[in-house]
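Note sheet for the following structure.
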Amino acid sequence: MALLELRGISSHYGNVQALKGVSLHVNEGELVTLLGANGAGKSTTLKTISGLIVPTEGEVLFEGKPIHRAGPEAIARLGISHVPEGRRIFPGLTVRENILLGASNRKGVPRKQLEKEADEKFEIFPEIRRFENALGWTLSGGQQQMLAVARGLMAEPKLLLLDEPSLGLAPLIVQNLFATIRDIRKRGVTILLVEQNANMALSVADRGYVLETGTLTVEGTPKELLGNEQVRAAYLGGHHG
Amino acid sequence: MQILFDNLQVLFQGLALGSIYSLVALGFVLIIRATNVVNFAQGDFAMLGAYAMVMFFTGLEWPYWLAFIASLVAMAIFGVIFNYGVYYPLRHRSFLPVIISTLGASIFLQNTVLAIFGPQPRPMDKVLAADGITVGGVFLDSQYLVILAVTMAMVLFTYVFFEHTLLGKKLQATSQDKDMARLLGIPVALMISITFIYSAVLGGLAGVLVGPILFVSIGMGSIIALKAFAATIIGGFGDVTGAIVGGLLLGVIESLAAYHISVPYKDAYAFLALFIFLLIRPSGIFGEKVSEKA
Chain A
366 MALLELRGIS SHYGNVQALK GVSLHVNEGE LVTLLGANGA GKSTTLKTIS GLIVPTEGEV
426 LFEGKPIHRA GPEAIARLGI SHVPEGRRIF PGLTVRENIL LGASNRKGVP RKQLEKEADE
486 KFEIFPEIRR FENALGWTLS GGQQQMLAVA RGLMAEPKLL LLDEPSLGLA PLIVQNLFAT
546 IRDIRKRGVT ILLVEQNANM ALSVADRGYV LETGTLTVEG TPKELLGNEQ VRAAYLGGHH
606 G
Chain B
282 MQILFDNLQV LFQGLALGSI YSLVALGFVL IIRATNVVNF AQGDFAMLGA YAMVMFFTGL
342 EWPYWLAFIA SLVAMAIFGV IFNYGVYYPL RHRSFLPVII STLGASIFLQ NTVLAIFGPQ
402 PRPMDKVLAA DGITVGGVFL DSQYLVILAV TMAMVLFTYV FFEHTLLGKK LQATSQDKDM
462 ARLLGIPVAL MISITFIYSA VLGGLAGVLV GPILFVSIGM GSIIALKAFA ATIIGGFGDV
522 TGAIVGGLLL GVIESLAAYH ISVPYKDAYA FLALFIFLLI RPSGIFGEKV SEKA
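Sequences listed follow chains A and B, in order.
Taking this note's numbering, the leading residue of the first sequence gets 366, the next gets one more, and so forth.
Taking this note's numbering, the leading residue of the second sequence gets 282, the next gets one more, and so forth.
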């Protein structure tokens with residue numbers, strides 16, 4: 366049984382249809398990437414999974430149970446952690462406070478335990494440790510991205526949804542970030558990764574889907590996708606991955 | 282020497298009055314931060330608190346402290362009702378319908394109290410039986426002392442609650458980015474309910490404390506709310522520290538100007554101060570701390 370399954374999902378923003386019958390699945394322990402151009406519906410797919418958008422058609426199944434009407438708070442408590450586009454750091458809270466609140470989906474964990482876990486997150490992202498008492502808005506884009514992922518991990522997610530983690534970051538920082546994503550995956554966290562940077566995403570993924578204007582067009586292993594002429598032309602900028 | 286004492290006396294009264302504005306302004310700011318809406322019934326929270334005290338203490342003749350606590354509990358319950366009756370049904374709308382809803386609630390509350398208690402202003406006992414103490418040449422009225430002490434305690438409590446507890450941080454997170462708070466599993470509706478409860482209790486407390494000084498009347502909330510609103514703008518719109526400092530400043534300006542210039546224009550000085558601030562420093566003393574979302 367797949368950990369996450371989307372069956373014929375259609376989503377709308379008002380009258381505009383963003384997703385048209387999307388079906389995909391993510392198995393436990395897998396790192397699956399969702400590729401596509403701007404406006405293809407990648408972020409909408411993640412928002413539909415995490416409950417920010419209620420689909421107009423279709424079902425989202427998590428561990429076999431439908432969750433698409435549960436609402437974001439309940440979905441977070443099931444163990445789905447969504448690190449959204451634009452990082453969405455709480456600007457007026459400190460780095461440490463942002464991380465601590467990542468565990469808000471877990472009930473009854475003592476503060477002391479959470480502080481300890483926050484320290485462990487600083488070991489994964491040592492660059493942000495020295496800013497632990499700085500307010501969120503003072504961080505650079507790359508630091509905010511690390512903070513967003515650290516906060517997402519505090520949820521102890523069974524499924525981590527990452528939306529364009531490489532957006533706006535310098536190439537070296539992207540390399541570091543993807544090394545970390547590989548590490549997180551090794552710890553047994555299932556990941557659904559949305560990316561425009563197809564080369565980078567396919568270098569860490571087990572499988573990938575390509576989304577075009579709200580419809581899934583291609584599915585396959587990184588090797589298959591890298592070998593697909595259409596995919597290469599559209600998302601890999603013609604050079605070899 | 283007498284001039285110094287007189288001025289200290291006025292300063293003391295100004296600070297006490299300003300404390301009341303601060304408490305109501307704090308309630309304003311907490312709701313603004315949690316919901317992005319100005320609650321125009323905030324002053325009526327003070328009025329309701331005072332009338333709850335009238336009902337429990339004068340009406341039911343409960344002991345003072347029991348009536349005091351019962352009034353605050355009643356305000357807490359009222360905060361929940363207010364949230365679900367006035368704000369919650371409109372939470373997905375823009376700020377305008379919500380503001381109109383709070384205005385409507387204000388009119389409704391004032392007229393309901395009018396229907397029950399009648400138009401006569403009611404007197405209220407002071408918290409302490411003693412008149413006050415004289416330090417140097419300055420007479421410190423016991424009620425004013427209580428107001429200052431309670432305000433300080435509430436400010437301290439608010440600080441510890443918001444800055445040093447996870448619940449306080451969740452409330453802040455909710456006010457900064459509701460969707461992200463939801464994604465983290467923070468129960469946003471509950472957080473907003475807590476904000477309304479806290480805000481209603483703060484307002485009610487201000488009403489109970491100021492009752493013995495101003496008399497308890499239907500309109501007492503309106504003038505306090507106007508001053509408290511001016512205080513939030515002077516302090517920096519949406520800023521917690523600003524609300525407290527703004528309230529105190531306004532109380533002091535008002536009292537000093539009334540003493541030195543003219544008493545009948547007492548209320549006008551607060552708005553003159555607001556006017557000057559809007560011209561010179563429209564962002565208020567503490568400005569906007571949280572940067573706008575990009």
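For each residue, glycine too, the CB sits at the ideal point set by N, CA and C.
Asked: Sub-8 Å separation of residue 404 of chain B and residue 498 of chain B beta-carbons; Found: no
Asked: C-alpha distance - residue 340 of chain B paired with residue 424 of chain A, whole-angstrom precision; Found: 59 Å
Asked: Under 7 Å by beta carbon: chain B residues contacting residue 415 of chain A; Found: 464
Asked: Counted within 10 angstroms of its Cβ, other Cβ atoms place residue 447 of chain A as buried (16 or more) or exposed; Found: buried
Asked: CB contact check: residue 570 of chain B to chain A, cutoff 8 Å; Found: Residue confidence is low: residue 570 of chain B scores 48 on pLDDT, short of 50, so the model does not pin down where it sits. Its coordinate-derived value is still stated next. So yes, residue 570 of chain B belongs to the interface.
Asked: Beta carbon proximity, residue 377 of chain A to chain B, threshold 8 Å; Found: no
Asked: Separation of residue 494 of chain A from residue 464 of chain A, as counted between CA atoms; Found: 11 Å
Asked: Per-residue contacts from residue 367 of chain B into chain A (C-beta, under 7 Å); Found: By Cβ distance, chain A contributes nothing, its closest Cβ being about 23 Å from residue 367 of chain B, past 7 Å.
Asked: Near-chain B residues of the region 442 to 469 of chain A (beta-carbon distance less than 7 Å), N- to C-terminal order; Found: 442, 447, 449, 453, 455, 456, 457, 458, 462, 465, 466, 467 and 469
Asked: Chain A contact for residue 567 of chain B (CB, 8 Å cutoff); Found: no
Asked: Environment of residue 328 of chain B [buried if 16+ CB atoms lie within 10 Å]; Found: buried
Asked: Spatial distance of residue 337 of chain B from residue 348 of chain B (CA atoms); Found: 5 Å
Asked: Chain-order list of residues whose beta-carbon lies under 8 Å from that of residue 392 of chain B (same chain, five-residue window excluded); Found: none
Asked: Any C-beta of chain B under 8 Å from that of residue 438 of chain A; Found: yes
Asked: Rounded straight-line distance, which links the Cα of residue 508 of chain B to that of residue 542 of chain A; Found: 51 Å
Asked: Strand pairing of residue 415 of chain B, partner residues [DSSP]; Found: B:420
Asked: Residue 383 of chain B classed as buried or exposed, judged by whether at least 16 other C-beta atoms fall within 10 angstroms; Found: buried
Asked: CB of residue 233 of chain B within 8 Å of CB of residue 351 of chain B, strictly; Found: Absent from the model: residue 233 of chain B. The displayed extent of chain B is 282 to 575, so no value can be given.
Asked: Option nearest residue 304 of chain B by Cα separation, candidates B:360, B:568 and B:434; Found: B:434
Asked: CB contact below 8 Å: residue 476 of chain A versus chain B; Found: yes
Asked: For residue 413 of chain A, the three-state DSSP class (helix, strand or coil); Found: helix
Asked: Cβ neighbours of residue 470 of chain A in the same chain (closer than 7 Å, five flanking residues each side left out); Found: 441, 442 and 520
Asked: Residue nearest to residue 486 of chain A in terms of C-alpha spacing, selected from A:548, A:432 and A:577; Found: A:548
Asked: Alpha carbon of residue 575 of chain B to alpha carbon of residue 507 of chain A, nearest angstrom; Found: Because residue 575 of chain B sits at a pLDDT of 37, beneath the cut-off of 50, its placement in the model cannot be relied upon, and the following sentence gives the value as read from the coordinates. Looking at the two C-alpha atoms, the distance is approximately 16 Å.
Asked: Under the three-state DSSP convention, the category residue 375 of chain A falls into; Found: strand
Asked: Segment limits, alpha helix (DSSP H) that includes residue 427 of chain A; Found: Counting along the chain, residue 427 of chain A falls outside any alpha helix (DSSP H), though it belongs to the beta strand (DSSP E) covering 422 to 427.
Asked: Interface partners of residue 487 of chain B on chain A, CB under 7 Å; Found: Here the premise fails: no neighbours, minimum Cβ distance about 26 Å.
Asked: Nearest-angstrom beta carbon gap, residue 452 of chain B and residue 315 of chain B [assumed within contact, 8 Å]; Found: 7 Å
Asked: Any chain A beta carbon closer than 8 Å to residue 468 of chain B; Found: yes
Asked: Short Cβ contact (8 Å threshold) for residue 514 of chain B with residue 558 of chain B; Found: yes
Asked: Within 8 Å, strictly: CB atoms of residue 528 of chain B and residue 302 of chain B; Found: yes
Asked: Counterpart residues of residue 400 of chain A in DSSP-defined beta bridges; Found: A:560 and A:575
Asked: Run of the alpha helix (DSSP H) containing residue 594 of chain A, from where it starts to where it stops; Found: 594 to 600
Asked: Cβ shell of residue 240 of chain B (< 6 Å), same chain only, five flanking positions each side left out; Found: Residue 240 of chain B lies beyond the stretch modelled for chain B, which goes from 282 to 575, so this question has no answer here.
Asked: Residue-level contact to chain A via CB, residue 328 of chain B, 8 Å cutoff; Found: no
Asked: Residue-level contact to chain A via CB, residue 459 of chain B, 8 Å cutoff; Found: no
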